[in-house]
Amino acid sequence: MSARQSTRPRRIEDALSQLVDNLTHRFSFAAAEDDLSDDEYEALALRQQDNLDRSWRLLDAYTNSNNDPTSPNGGQGLGVTRRGSLAGGENINNASDLIKRKLLRENASPDKAVRFSNLYSRLLTQPVLSQKWAILYLLYRLSTPDDYDEGFEEDGVARSPPVEPANLQNILLKGQRRQGMGPRMAENSDEEGPAISSSVSQLPARLERKASQRRPEREVEGDPELELAREHQRSRKMSDAAPRDPQTEGQGVVQFQLESDNQEQLPQPAEPGLLRDLPFNLQGLSSSNLEFSSSVTLKLPPTLPIPLMSLLNALAEPCLLYKGLSAFVDSASGGLLNQSLRAALSNELRSYLGLVATLEGEIRRALAAPENSNDPKSAAKTGVTLKRCVVWTRDATMALRLMSLIVEEAQNKKGGQLISMIHGFSTSHGDPFVCTLAEKLLAHVTRPFYDMLRQWIYDGELSDPYKEFFVVEPELSPSTDPRRIATSVWEDKYKLDDDTVPSIITQDFAKKVFLIGKSLNFIRYGCGDSAWVEAYSKETSKELRYGDTASLETSIDEAYKTTMARLIYLMDEKFKLFDHLRALKKYLLLGQGDFIALLMESLASNLDRPANSQYRHTLTAQLEHAIRASNAQYDSPDVLRRLDARMLELSHGEIGWDCFTLEYKIDAPVDVVITPWGSTQYLKVFNFLWRVKRVEFALGSTWRRCMTGARGVLGSVDDKVGSDWKRARCAIAEMIHFVCQLQYYILFEVIEASWDQLQASISKPGCTLDDLIEAHTKYLNSITHKGLLGSASSSKGASNKHQEESFLSQLHQILKIMLAYKDAVDGLYSFSVAEFTRRQELSAKIETRTAQGRWGVTERDFISSRRPHGHKSSVSSLSTPNIGATADDIGTPSSLVNHDLSADDHMLGSLRVRLRDLSAEFKSRLNILLGDLAYQPDVDMRFLGVVMNFNDVYEPVRKRRATTSSRDKERLRRKAAAAGGSAENSAQRKDKRDTSGAESAGN
Amino acid sequence: MPTQSDDKRQAAREVIDILHEISTLLNTNLDRTDLSLCVSLIENGVNPDALATIIKDLRREDTAISRTVADHEFAK
Chain E
1 MSARQSTRPR
11 RIEDALSQLV
21 DNLTHRFSFA
31 AAEDDLSDDE
41 YEALALRQQD
51 NLDRSWRLLD
61 AYTNSNNDPT
71 SPNGGQGLGV
81 TRRGSLAGGE
91 NINNASDLIK
101 RKLLRENASP
111 DKAVRFSNLY
121 SRLLTQPVLS
131 QKWAILYLLY
141 RLSTPDDYDE
151 GFEEDGVARS
161 PPVEPANLQN
171 ILLKGQRRQG
181 MGPRMAENSD
191 EEGPAISSSV
201 SQLPARLERK
211 ASQRRPEREV
221 EGDPELELAR
231 EHQRSRKMSD
241 AAPRDPQTEG
251 QGVVQFQLES
261 DNQEQLPQPA
271 EPGLLRDLPF
281 NLQGLSSSNL
291 EFSSSVTLKL
301 PPTLPIPLMS
311 LLNALAEPCL
321 LYKGLSAFVD
331 SASGGLLNQS
341 LRAALSNELR
351 SYLGLVATLE
361 GEIRRALAAP
371 ENSNDPKSAA
381 KTGVTLKRCV
391 VWTRDATMAL
401 RLMSLIVEEA
411 QNKKGGQLIS
421 MIHGFSTSHG
431 DPFVCTLAEK
441 LLAHVTRPFY
451 DMLRQWIYDG
461 ELSDPYKEFF
471 VVEPELSPST
481 DPRRIATSVW
491 EDKYKLDDDT
501 VPSIITQDFA
511 KKVFLIGKSL
521 NFIRYGCGDS
531 AWVEAYSKET
541 SKELRYGDTA
551 SLETSIDEAY
561 KTTMARLIYL
571 MDEKFKLFDH
581 LRALKKYLLL
591 GQGDFIALLM
601 ESLASNLDRP
611 ANSQYRHTLT
621 AQLEHAIRAS
631 NAQYDSPDVL
641 RRLDARMLEL
651 SHGEIGWDCF
661 TLEYKIDAPV
671 DVVITPWGST
681 QYLKVFNFLW
691 RVKRVEFALG
701 STWRRCMTGA
711 RGVLGSVDDK
721 VGSDWKRARC
731 AIAEMIHFVC
741 QLQYYILFEV
751 IEASWDQLQA
761 SISKPGCTLD
771 DLIEAHTKYL
781 NSITHKGLLG
791 SASSSKGASN
801 KHQEESFLSQ
811 LHQILKIMLA
821 YKDAVDGLYS
831 FSVAEFTRRQ
841 ELSAKIETRT
851 AQGRWGVTER
861 DFISSRRPHG
871 HKSSVSSLST
881 PNIGATADDI
891 GTPSSLVNHD
901 LSADDHMLGS
911 LRVRLRDLSA
921 EFKSRLNILL
931 GDLAYQPDVD
941 MRFLGVVMNF
951 NDVYEPVRKR
961 RATTSSRDKE
971 RLRRKAAAAG
981 GSAENSAQRK
991 DKRDTSGAES
1001 AGN
Chain D
1 MPTQSDDKRQ
11 AAREVIDILH
21 EISTLLNTNL
31 DRTDLSLCVS
41 LIENGVNPDA
51 LATIIKDLRR
61 EDTAISRTVA
71 DHEFAK
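The structure is reproduced here in structure tokens:
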């Protein structure tokens, strides 16, 4: 010993002895104050020397070898715990960390830890010490928890907790070198498996054995109540859904009392055992005490005191949740978003496993620490208990609970709904913990979504193998007309699925995104400009991520603007959309007046023939002629090429006018705007306008003829048909007024106004293709609606629909009447011409007779024509009390010379009737139309009524119901007849005057 | 020279102050003398683990002695 002492540095020797003195003298002094006997004092001194020696031995042992298997204090059970492995390892350098952690663990408030941090940083600045970590480590090792002092002062053995034997055993199992404890280990060895007890095969057997072993010992107590309680406990299963129900609580009370009585004697899975198994349980593995009987139930050992039971209940939750979650993470199904959710969850689970690993480290150290049964406080000192574990795992449990909730809800959700669900957690949950976790998950989960989004808004490609994006490609039903599909690239190729729009983006935003992608796709496939799309995507494509909503929004807005501008540019420059619209207006809506006039003039004679004698080549030839001779020739050849004249479907008995149509051919991609529906609308409007134009043309030509005729032919027969012509001219003037107003209204009030609106809306900045389509549709609608086409059905209820004639059919009726009237006037004209010829002939005859020297007019001439005429007139006067006819009878002696005079008279009569009827019907129909117009909600249409009836010539009739309408009609007819009669009367009087005038002239 | 040693002493006192505060934070039950002794021991290369063991050992011994003393007195 002395030899060894000599090798030691002196300073250490001094210091050590001083220290030993210091530490032991406290009691020595205390003892010295009392009167101690000498031998006692001697013993004290001896003991002190002994202490010093032992200290030296310890020091030497450490300096010689840290891993010396035979510790010098080995068998003495003095509780000197040597943890060389810990001290020698990584703990050296983070002594400060150890202290900090300890302080945090043992104190509720972080004050002490903060104070320590300050002190530590101050210490670091001091240059004096070279072994700062060592002194800190020493302090750490020496530190005791607050409550430990008292326990240390008083008796250590008395409060031996029931955990003791198993506790020791664990240490024995871990540290094989402590062989001194052999016998105790043998005693309980069958209860202890290896630490990793996850193998299922050996588990039931061991449990069985344990149960059988435990039972006899408990039955020693002989308490029947206990037996009962144990039976209950054994059948008790625990699941996280219902950790505690009232029933088990009640049983627990009984059990608790029993346990407290029998605590000492009952061999039960003690806390350290449970602690040791805990890491495995937390990873979802069964252990000797806790067994997973199924994926959602965990069996707790039946013999635990109720406090432990409740702790285990709390701990069982993360175990079960983890098991369920890991099963979900390992499964492989679902779409991209599901997979990413799984990845995010497994990430979270990894951090959970990290927690479990540190927990295991703590537990192991704690279990390794108390080697001595005399030192009961060791477990408390190292600070790992089930209770602590519950607290430590609480955050993790929350996270697990939330994740399993998410997993549960994600079961039948996909794509955007999944994102919405998680987003719901992150935005509408009051718990900040839940929010942050959900937010963290979202960042991962949304990645595939944002990838899809990026591809969509930069490439216009939908790469969505699992149909999770909110843009879907609807399946094409085979019944759809393939041609229709080709033309509806814009409308039908992609659809926006509102259900799958995730709540992280707004509905507006989704629409924008949808439009961007659709436009890009359309540019690429519809317009054949994929080069631009590629260049664009290369240039602007950037990564989109969850979180920076602002930059996402700006980038999408930018993409939106660029794409839309490009699309409009393409439509305008490459496909000449606006030129086409203009051409449509010019040719189909009769905007190009000279062209239409020319076409009509050249086609008129052709179209008067029946429809089946119309030939396409003549039509196209006339069209060519019209184009070449009008200003249309200066239009671009592309536009003119598309113009075509053809016949509509032939139906029997129609003449060329009814079937002729102009056509403007539209092809892709412009047909996105001017849809097939739009084309038919154009055709409808054209046909209507063409008809009006035709009537105008016919009336105009008739008017011209009777004007020119009035100066020549008609003037000479004025005495006979002058009043008819007068009336006819009035009626025709009325009709021309009507047609002119109608045309004016349609062309200027309707088409031009709508065109102006269309121009305004498509030349707006930031106009999209959708806007274009919408504006064009609106344009067509307003034209067809205001142009009196199809307005009745849209503005009136379905019930009235059948009773009320639509404006279109009313107009058609009126136009038909006009044509018929025109025919009748033509008939009158030819009659007048015939009359004129007759008179010419008669006067020529008289002239020749006079030249021959005979009487110009003989008696014979009168008689020969008198008889049949009288007979005829009596019949006609019987059948129709026609005043005009009798007037005919009486007057016009000059006409009597002709032998077919009676037939002519009859024709004139019927012509007059016809003309009168037609004009009366025209008026009545016009009144009805005006009545309808006056009550239109549309201002422009009311205006049309006002224009037509600007001087209140007509009396608009309002048809309200079928009954009143018929009554009205009745009254109207009567009124018209009366008006016609009075007109007839006045005409007759006039006739009489005329004839008398003629007679006097003749005489 | 004396100023330098003064400085040194001052620094040492400061270090001991700090360490003492830490030790009270940690409930080590060491007074300043014990602490300075420990510091000097460790500065001279003593294993802190060993030192901790020794101190604990001594304390335990101490308690035992005090108990025997107390028992003795009680017996008396």
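Listed in order, the protein sequences are those of chains E and D.
Quick note: the first sequence, position 394, residue 394 per UniProt numbering, numbers continuous.
Quick note: the second sequence, position 17, residue 17 per UniProt numbering, numbers continuous.
Cβ atoms here follow ideal geometry from the backbone N, Cα and C, with glycine treated the same way.
R59(D) belongs to the set of residues whose beta carbon lies under 8 Å from a beta carbon in chain E. The three-state reading of DSSP puts K764(E) in coil, since its state is none of H, G, I, E or B. Spatial neighbours of Y821(E) in its own chain (CB-CB distance under 6 Å, excluding positions within 5 residues in sequence) are listed in chain order as L918. Counting every other CB atom within 10 Å of its CB across the protein chains shown gives S333(E) a total below 16, marking it as exposed. At the C-beta level, I516(E) and L570(E) stay beyond 8 Å of one another. For L337(E), the closest of K585(E), S754(E), Q417(E) by C-alpha to C-alpha distance is Q417(E).
CA-CA distance, E624(E) to R641(E), rounds to 10 Å. When Cβ pairs closer than 8 Å are counted between the two stretches, the region 743-750 of chain E is seen to touch the region 777-789 of chain E, the count reaching three or more. With a cutoff of 8 Å on beta-carbon distance, N51(E) and D34(D) are scored as not near each other. Residues of chain D with a Cβ closer than 7 Å to the Cβ of A134(E) are, in chain order, I42, P48. The contact set of S5(D) on chain E, defined by CB atoms closer than 7 Å, is empty, because the minimum CB distance reaches about 13 Å. Counting along the chain, K561(E) sits inside the alpha helix (DSSP H) bounded by residues 549-569. Flagged as an interface residue toward chain D: Y137(E), by a C-beta distance shorter than 8 Å. With a cut-off of 8 Å on Cβ pairs, the region 436-448 of chain E is not in contact with the region 527-534 of chain E, counting fewer than three such pairs. The beta carbon of V329(E) sits closer than 7 Å to the beta carbons of R342, L345, S346, L349 from its chain, once the five residues preceding and following it are set aside; these are given in chain order. Collapsing the DSSP output to three states places R545(E) in coil. For the options T397(E), L400(E), I422(E), the alpha carbon positioned closest to that of E409(E) is the one of I422(E). Put simply, the backbone Cα of Y458(E) is about 47 Å away from that of F595(E). For D644(E), the enclosing beta strand (DSSP E) starts and ends at 643-647. Here the region 310-322 of chain E lies against the region 275-287 of chain E, with 3 or more beta-carbon pairs under 8 Å apart.
Here the region 683-702 of chain E makes contact with the region 598-610 of chain E; the two share three or more CB pairs at distances below 8 Å. Against chain D, a Cβ distance below 7 Å from A366(E) picks out nothing, because the smallest value is about 18 Å. Just measuring C-alpha positions, the residue of A728(E), A559(E), K100(E) sitting nearest A113(E) is K100(E).
Taking a beta-carbon distance threshold of 8 Å, P127(E) counts as an interface residue toward chain D. Under a criterion of Cβ atoms nearer than 7 Å, the residues of chain D adjacent to F116(E) are, in order, I22, L25. Among the CB atoms of chain D, none fall inside 8 Å of the CB of N94(E).
For P127(E), the three-state secondary structure derived from DSSP is coil. Across the structure, G424(E) and R32(D) are spaced so that their CA atoms are roughly 60 Å apart. Residue environment analysis places M309(E) among the buried positions, since at least 16 neighbouring C-beta atoms fall within 10 angstroms of its C-beta. Excluding five sequence positions before and after L599(E), the CB atoms of its chain that fall closer than 7 Å to its own CB belong to Q622, L623, A626, given in chain order.
As computed with DSSP, F738(E) is found in no beta bridge at all.
Runs of alpha helix (DSSP H) with 4 or more residues, each lying fully within the region 346-432 of chain E, are found at 377-382, 386-392, 394-409, 416-427, listed in chain order. DSSP, read as helix, strand or coil, puts P307(E) in helix.
A straight-line Cα-Cα distance of about 58 Å links T562(E) and A314(E). Distances from the alpha-carbon of F433(E) to those of V717(E), Y137(E), R394(E) put R394(E) closest.
The DSSP-derived three-state label of E473(E) is coil.
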